[in-house]
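Residue numbers (this note's numbering): 1029 to 1413.
Worksheet: the structure to be examined is printed underneath.
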Ligand code: ADP
Ligand code: ASP
Ligand code: MG
């Protein structure tokens, strides 16, 4: 098969309302190589679904009804603003009915299992992808828009809420469901985050897992690019919600990006780079608000020499861990001592060094999460040229 397709994933913030969805459709329209569009639930919808389950579990019918109505109204408003077709409006109504039925079941039982939660979670992505598919039909009439059930392709084990994809089956299903259409004038619209186990139960890959779905689709169809469209123009030198003067990074290696995500940066789901690394598919991270900005390209290329690029942070039972990400870190003479001195002996202690990361634990009770990241980013800035 010719290897020239793009998989394009749009996160919750990129599909949060009608105008955000229109921006996505513009990006898709502008790139004829995009063959698979992977859609997340609209912003905050997955949190609302958790809220609904918990309210039902404790019998709080008022919260349950309010949040459900909010969620339904949010999507009805989008549908109205996008002139959604009557047929799709009917499907939307059916999905909202499904959501209410699951909530009623939890309310009746006063409990829910991870399996039921996955069924409930799936409604977020199924609703948003349905709306986007209808929008694309309206906006790109010269192409056939195929609504693809991700659960037909993304087979997983039965570890609900953190299901493990079964790569061989995903490839097999892609060959029968996707490959035959790739040379046609089509765009598949599908869901991130969700999959199905071998018994036909809905599963999910873990919160924020839509990035991983996009990479799995990319791997299965031999794409030559996976795009992750979000609300910031790429991977930054630190979390831009906490640090004001971040620098956006043009290029990262798979290992650097994986280290960054694993060590706390929310921008990518930690396993996203596994399938793409297996097939050597570049991953682009960019902003759907400003699609012309450069963004970040993640590839197998590693800088030839030492460099420090970003800091991230993990907060857990063992305290606050800050990490520096870069290349050839284990080859740089004295790096541990240099960073330790800059961070302060009385504030941080060194814990771990690899080729792409070096981590320090906060030991002073006087500095919190925000302060420690600021200190680390100030230290990082000294290494920028
Ligand atoms: P999406 O809804 O598109 O999946 P997410 O909220 O999951 O978006 O991820 C994007 C957010 O990640 C950004 O808005 C940003 O605040 C946050 N973020 C955290 N660390 C970083 C980083 N190092 N670089 C860029 N963004 C980061
Ligand atoms: N909608 C899911 C979540 O919020 C998956 C994702 O957006 O990546 O966790
Ligand atoms: Mg995300």
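C-beta atoms are modelled at their ideal positions from N, C-alpha and C, and glycine is treated no differently.
Predicted, not measured: the structure shown is a model, and the values here were computed from it.
Proximal residues to residue i (C-beta, below 6 Å), its chain only, five neighbours per side dropped
{"i": "residue 1135", "result": "1084"}
{"i": "residue 1275", "result": "1265"}
{"i": "residue 1284", "result": "1353 and 1384"}
{"i": "residue 1295", "result": "1263"}
{"i": "residue 1113", "result": "1162"}
{"i": "residue 1335", "result": "1354 and 1355"}
{"i": "residue 1303", "result": "1243, 1244 and 1247"}
{"i": "residue 1340", "result": "1288, 1291, 1292, 1293 and 1351"}
{"i": "residue 1188", "result": "1142, 1143, 1146 and 1231"}
Buried/exposed call for residue i, threshold 16 Cβ in 10 Å
{"i": "residue 1382", "result": "exposed"}
{"i": "residue 1261", "result": "buried"}
{"i": "residue 1412", "result": "exposed"}
{"i": "residue 1029", "result": "Interpretation of residue 1029 is limited by its pLDDT of 45, a score under 50 that renders its predicted location unreliable; the figure taken from the coordinates is listed afterwards. Exposed, because fewer than 16 other Cβ atoms sit within 10 Å of the Cβ of residue 1029."}
{"i": "residue 1286", "result": "buried"}
{"i": "residue 1092", "result": "buried"}
{"i": "residue 1228", "result": "exposed"}
{"i": "residue 1277", "result": "buried"}
{"i": "residue 1297", "result": "buried"}
{"i": "residue 1396", "result": "exposed"}
{"i": "residue 1054", "result": "exposed"}
{"i": "residue 1121", "result": "exposed"}
{"i": "residue 1047", "result": "exposed"}
{"i": "residue 1306", "result": "exposed"}
{"i": "residue 1255", "result": "buried"}
Endpoints, alpha helix (DSSP H) assigned at residue i
{"i": "residue 1295", "result": "Neither: residue 1295 is in no alpha helix (DSSP H) and is coded neither H nor E."}
{"i": "residue 1245", "result": "1238-1248"}
{"i": "residue 1285", "result": "1282-1290"}
{"i": "residue 1400", "result": "1397-1409"}
{"i": "residue 1100", "result": "1089-1109"}
{"i": "residue 1175", "result": "Careful: residue 1175 lies outside any alpha helix (DSSP H), inside the beta strand (DSSP E) at 1172-1175."}
{"i": "residue 1425", "result": "Missing from the structure shown is residue 1425; the chain here goes from 1029 to 1413 and no further."}
{"i": "residue 1195", "result": "1195-1205"}
{"i": "residue 1015", "result": "This structure gives no information on residue 1015, because the portion of the chain shown stretches from 1029 to 1413."}
Presumed contact (8 Å Cβ cut-off) between residue i and residue j, rounded CB distance
{"i": "residue 1289", "j": "residue 1338", "result": "So it is not a contact: roughly 11 Å between Cβ atoms."}
{"i": "residue 1062", "j": "residue 1215", "result": "6 Å"}
{"i": "residue 1392", "j": "residue 1367", "result": "The pair is not a contact, with the Cβ atoms about 16 Å apart (cut-off 8 Å)."}
{"i": "residue 1316", "j": "residue 1052", "result": "6 Å"}
{"i": "residue 1226", "j": "residue 1190", "result": "Actually they are not in contact, since the Cβ atoms of residue 1226 and residue 1190 sit about 17 Å apart, beyond 8 Å."}
Any non-hydrogen atom of the ligand ADP within 8 Å of residue i CB
{"i": "residue 1177", "result": "no"}
{"i": "residue 1133", "result": "no"}
{"i": "residue 1054", "result": "no"}
{"i": "residue 1071", "result": "yes"}
{"i": "residue 1319", "result": "no"}
{"i": "residue 1274", "result": "yes"}
{"i": "residue 1287", "result": "no"}
{"i": "residue 1347", "result": "no"}
{"i": "residue 1265", "result": "yes"}
Chain-order list of residues whose beta-carbon lies under 7 Å from that of residue i (same chain, five-residue window excluded)
{"i": "residue 1139", "result": "1085"}
{"i": "residue 1238", "result": "1037, 1039, 1066, 1068, 1220 and 1221"}
{"i": "residue 1179", "result": "1222, 1223, 1224 and 1230"}
{"i": "residue 1059", "result": "1034"}
{"i": "residue 1077", "result": "1148, 1149, 1151 and 1152"}
{"i": "residue 1268", "result": "1260 and 1274"}
{"i": "residue 1321", "result": "1261, 1314 and 1315"}
{"i": "residue 1117", "result": "1107"}
{"i": "residue 1171", "result": "1213, 1214 and 1215"}
Boundaries (first-last residue) of the beta strand (DSSP E) holding residue i
{"i": "residue 1015", "result": "Any question about residue 1015 goes unanswered here, given that the chain covers just 1029 to 1413."}
{"i": "residue 1117", "result": "Counting along the chain, residue 1117 falls outside any beta strand (DSSP E), though it belongs to the alpha helix (DSSP H) covering 1114-1137."}
{"i": "residue 1354", "result": "1347-1355"}
{"i": "residue 1162", "result": "It is not in any beta strand (DSSP E) - residue 1162 instead sits in the alpha helix (DSSP H) that spans 1142-1167."}
{"i": "residue 1219", "result": "1214-1219"}
{"i": "residue 1338", "result": "1335-1344"}
{"i": "residue 1388", "result": "1385-1390"}
{"i": "residue 1036", "result": "1034-1038"}
{"i": "residue 1065", "result": "1062-1067"}
{"i": "residue 1378", "result": "1376-1381"}
Closer than 8 Å: residue i CB and nearest the ligand ASP heavy atom
{"i": "residue 1239", "result": "yes"}
{"i": "residue 1221", "result": "yes"}
{"i": "residue 1400", "result": "no"}
{"i": "residue 1039", "result": "yes"}
{"i": "residue 1246", "result": "no"}
Contacts around residue i, its chain only, beta-carbon distance under 8 Å, and the 5 residues preceding and following it disregarded
{"i": "residue 1346", "result": "1389"}
{"i": "residue 1357", "result": "1334, 1336, 1363, 1381, 1382, 1383, 1384, 1385 and 1386"}
{"i": "residue 1123", "result": "1151, 1154, 1155 and 1158"}
beta-carbon residue i near the ligand MG non-hydrogen atom, thresh 8 Å
{"i": "residue 1295", "result": "yes"}
{"i": "residue 1236", "result": "yes"}
{"i": "residue 1036", "result": "no"}
{"i": "residue 1382", "result": "no"}
{"i": "residue 1299", "result": "no"}
{"i": "residue 1068", "result": "yes"}
{"i": "residue 1258", "result": "yes"}
Contact test: residue i Cβ vs the ligand FMN heavy atom, cutoff 8 Å
{"i": "residue 1045", "result": "Of the ligands this structure carries, namely the ligand ADP, the ligand ASP and the ligand MG, none is the ligand FMN."}
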